[in-house]
Amino acid sequence: MRLVAALFLSLWAVPAAFAEEVDRSLEPEVINIGVSSKQIAIAPDFAGTDVTVFGAIDHADEALLKNGSYDLVVALEGPRDFITIRKKERVAGVWVNRHSVTFEWMPESFSMSSTRSLDAIAKPTELYTFNVGMPRVKIVPSTFSGRAAEVDEYRNAFLDLKQRSKLYQSNPSGVTFISSSLFAANIHIPADIPNGTHTIRAVLFKKGIFVAEKQIPLEVVKTGIEETITFAATQRPLLYGVFSVLLAVVTGWGASLMFRRD
Amino acid sequence: MTIYLPIAELSVNIFIILGMGAAVGFLSGMFGVGGGFLITPLLIFYNVPPSIAVATGANQVIASSISGAITHFRRGTIDLKLGTVLLVGGIAGATLGIWIYNVLRTVGQLDLTISLLYVVLLTTVGSLMMIESVNAIRRARRNETPSIQRAQHNWVHRLPFKMRFKKSRIYLSVIPIAGLGFGVGILTSVMGVGGGFIMVPAMIYLLRIPANVVVGTSLFQIIFVSTYATVIQAVTNHSVDIVLAFILMLSGVVAAQYGVRVGQRLKAEQLRALLAIMILAVGARLAIDLFVPPANLYSIAHAGAAR
Numbered sequence: 001m002r003l004v005a006a007l008f009l010s011l012w013a014v015p016a017a018f019a020e021e022v023d024r025s026l027e028p029e030v031i032n033i034g035v036s037s038k039q040i041a042i043a044p045d046f047a048g049t050d051v052t053v054f055g056a057i058d059h060a061d062e063a064l065l066k067n068g069s070y071d072l073v074v075a076l077e078g079p080r081d082f083i084t085i086r087k088k089e090r091v092a093g094v095w096v097n098r099h100s101v102t103f104e105w106m107p108e109s110f111s112m113s114s115t116r117s118l119d120a121i122a123k124p125t126e127l128y129t130f131n132v133g134m135p136r137v138k139i140v141p142s143t144f145s146g147r148a149a150e151v152d153e154y155r156n157a158f159l160d161l162k163q164r165s166k167l168y169q170s171n172p173s174g175v176t177f178i179s180s181s182l183f184a185a186n187i188h189i190p191a192d193i194p195n196g197t198h199t200i201r202a203v204l205f206k207k208g209i210f211v212a213e214k215q216i217p218l219e220v221v222k223t224g225i226e227e228t229i230t231f232a233a234t235q236r237p238l239l240y241g242v243f244s245v246l247l248a249v250v251t252g253w254g255a256s257l258m259f260r261r262d
Numbered sequence: 263m264t265i266y267l268p269i270a271e272l273s274v275n276i277f278i279i280l281g282m283g284a285a286v287g288f289l290s291g292m293f294g295v296g297g298g299f300l301i302t303p304l305l306i307f308y309n310v311p312p313s314i315a316v317a318t319g320a321n322q323v324i325a326s327s328i329s330g331a332i333t334h335f336r337r338g339t340i341d342l343k344l345g346t347v348l349l350v351g352g353i354a355g356a357t358l359g360i361w362i363y364n365v366l367r368t369v370g371q372l373d374l375t376i377s378l379l380y381v382v383l384l385t386t387v388g389s390l391m392m393i394e395s396v397n398a399i400r401r402a403r404r405n406e407t408p409s410i411q412r413a414q415h416n417w418v419h420r421l422p423f424k425m426r427f428k429k430s431r432i433y434l435s436v437i438p439i440a441g442l443g444f445g446v447g448i449l450t451s452v453m454g455v456g457g458g459f460i461m462v463p464a465m466i467y468l469l470r471i472p473a474n475v476v477v478g479t480s481l482f483q484i485i486f487v488s489t490y491a492t493v494i495q496a497v498t499n500h501s502v503d504i505v506l507a508f509i510l511m512l513s514g515v516v517a518a519q520y521g522v523r524v525g526q527r528l529k530a531e532q533l534r535a536l537l538a539i540m541i542l543a544v545g546a547r548l549a550i551d552l553f554v555p556p557a558n559l560y561s562i563a564h565a566g567a568a569r
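These protein sequence lines map, in sequence, to chains R and W. When you line the first sequence up against our numbering, it's residues 1 to 262, in that order. When you line the second sequence up against our numbering, it's residues 263 to 569, in that order.
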């Protein structure tokens, strides 16, 4: 009787233990990523470039690695800000900004690479839960009083505008495995990437299930005379304004002196 | 050759900007106007955001007005007392103008308002100038001397707080003078114009100030109000593009010198008719843009929480 009970138990226990082994074999997977420098200096003639983010999966299941059950999504997110989307409508023949929606803390740039297209990697609910994919929107409630369908309309318009200006990009084949557990993510940096602290975020999926993620910061610093001017205009605006006026005075006065003889 | 405008965040062809500055500078030298009311619409046509075009226009106006102001100062044709009253009104107007500008920007109607104001202003000024110059050309053909219809006194001269302006030889209430400065000051902030093309006729026909001091005194007001508007725009909106302004003023001030020479050879009424045609054309182009369906109905603006 005891033997039967033991057998019975083990019959139940075996599939459970097997499943356990698939999910976390010994230790949970960990990913590590790195870039060659924590800072990118962008010269005035910068026309966009590709950076490669290298990474490794620790404690990965060799068998699953071989049959391609692991997927990676690596994204470079720009600094975030509140962003207002306005929509024009015709009023008495004239095109006027009528309605607007403000989204909270949207990244100014977003460049994403993955091993496959996102819908092949995981179910929408899984992607949504772990915030993977094109940025979600969160509306500032005071700016919106319409229907939910309109939120999608504005979000799509926002993504469309950002993709047109090449600030939002995705590359569904930009992540490749170089060796069994070593991967390289090719990320495009657009020409007019904003200044500031960007975040590289890598997310690991196993058979469509989120298993690990890792974030590292990346500073984007623009160099050159244009950047000096932008810095002066935003950080020392009074000095900048006074200098603009002086430049105008000198230019105007100088020309009148040069042509004075007649 | 392209050049990047750091504040407008736009790559432009430097020769087009130089040409724009030169064309407007030439016209401003020829007609004796500041040119701000042509620079701003031209920049808008070239896809410079209207908010940047306005603030940069105000900066450019300083350069194009300064040499004229110096000349008038040397000749003693500036009524400093009258100019100061205009200026006090102008600074107050420019302050209100910046406030209006910021409110419009927050609600997303700045670009539209700038375009609408330009359409109204350019159409009105262009039409008036056209009628006046066509009449003058007709009179010249018939060899008539222009009849100066100076009404002895109008409502302006019955207002209180009168003040004596010795250089202009007038005794006039400060209310209409400061009021005129105030109105033009608003336009300087919202539209990036010096406002000479409104101020000069108003001073001659409405306030009956002698013509010899009108231009110098209005330039005096324009320089200080534009300076004030430029600095305030730079401080509150970071919208003055110094690279754009410098290219415009550089070619503008040189071309203006040649404009003056050409202007001296042409007949005044024909010049004014030409200028009227140009002003009407720019106004019409801006008006058409208002009615043409935009390429994209949506636009992105930073709500500015992080900046």
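The beta-carbon is built from N, C-alpha and C at its ideal position, and this holds for glycine as well.
query, result
"N-terminal and C-terminal residue of the alpha helix (DSSP H) that Y154/R is part of", "148 to 164"
"E104/R CB to nearest heavy atom of the ligand COA below 8 Å", "The ligand COA is absent from the structure shown, which contains no ligand whatsoever."
"Residues that DSSP places opposite G55/R in a beta bridge", "I33/R, F183/R"
"Simplified DSSP assignment, three categories, for R236/R", "coil"
"Residues in the stretch 266 to 282 of chain W having any Cβ partner in chain R nearer than 9 Å", "Y266, L267, P268, I269, E271"
"Selected residue, minimal CA-CA separation from F299/W, among Q483/W, G456/W, V382/W", "G456/W"
"Close beta carbons around P107/R, own chain, < 8 Å, minus the five adjacent residues each side", "E77, G78, P79, R80, P135"
"Pairwise C-alpha distance: K88/R and P555/W", "9 Å"
"Per DSSP, cross-strand counterpart(s) of G174/R", "Answer by DSSP bridge pairing: none, since G174/R is not bridged."
"Span of the alpha helix (DSSP H) around E394/W", "372 to 403"
"R116/R versus L182/R, N32/R, L72/R, F259/R, residue with shortest Cα-Cα distance", "L72/R"
"Chain W contact for I85/R (CB, 9 Å cutoff)", "yes"
"The stretch 153 to 161 of chain R touching the stretch 174 to 194 of chain R, judged by at least three CB pairs closer than 8 Å", "no"
"With 16 other Cβ atoms within 10 Å as the buried cut-off, status of T318/W", "buried"
"Residue from V211/R, A233/R, P194/R, V101/R with nearest C-alpha to L127/R", "V211/R"
"Buried or exposed by the 16-neighbour rule on C-beta atoms within 10 Å, applied to A270/W", "buried"
"Beta carbon proximity, V151/R to chain W, threshold 9 Å", "no"
"Contact with chain W by E227/R, beta-carbon distance below 9 Å", "yes"
"Neighbour flag for R90/R against chain W, beta carbons, 9 Å", "yes"
"N- and C-terminal bounds of the beta strand (DSSP E) containing Y70/R", "70 to 77"
"Own chain partners of S113/R with C-beta closer than 7 Å, once the 5 adjacent residues on each side are dropped", "V74, N171, G174, V175, A185, N186, I187"
"Beta-carbon separation (whole angstroms), G93/R vs I189/R, contact threshold 8 Å", "Contact flag wrong, Cβ pair sits at about 43 Å."
"The stretch 360 to 374 of chain W: positions lying closer than 7 Å to chain R by Cβ", "G370, Q371, L374"
"Contact set between H500/W and chain R, taken where Cβ atoms lie within less than 7 Å", "A233, T234, P237"
"Rounded distance between the beta-carbons of T375/W and L383/W, thought under 8 Å", "At roughly 12 Å, the Cβ-Cβ gap does not stay under 8 Å, so L383/W and T375/W are not in contact."
"Residues near G224/R by beta carbon distance below 8 Å, same chain, minus five either side", "A43, P44"
"Residues that DSSP places opposite H99/R in a beta bridge", "K87/R"
"S244/R vs N499/W beta-carbon contact at 9 Å", "no"
"S451/W - containing alpha helix (DSSP H), residue span", "436 to 453"
"Range of the contiguous alpha helix (DSSP H) that encloses Y560/W", "Not the alpha helix (DSSP H): Y560/W falls in the beta strand (DSSP E), residues 560 to 564."
"Coil, strand or helix - V502/W by DSSP", "coil"
"Selected residue, minimal CA-CA separation from I40/R, among F54/R, P194/R, G254/R", "P194/R"
"One or two residues paired with S273/W in a DSSP bridge", "Y266/W"
"Collapsed DSSP secondary structure at G208/R in the structure displayed", "coil"
"Residues that G563/W contacts on chain R, provided the C-beta gap is smaller than 7 Å", "A small correction: the amino acid at residue 563/W is Ala; Gly does not occupy that position in the sequence shown. By Cβ distance, chain R contributes T84, R86."
"The stretch 325 to 333 of chain W / the stretch 470 to 484 of chain W touching (three or more Cβ pairs under 8 Å)", "yes"
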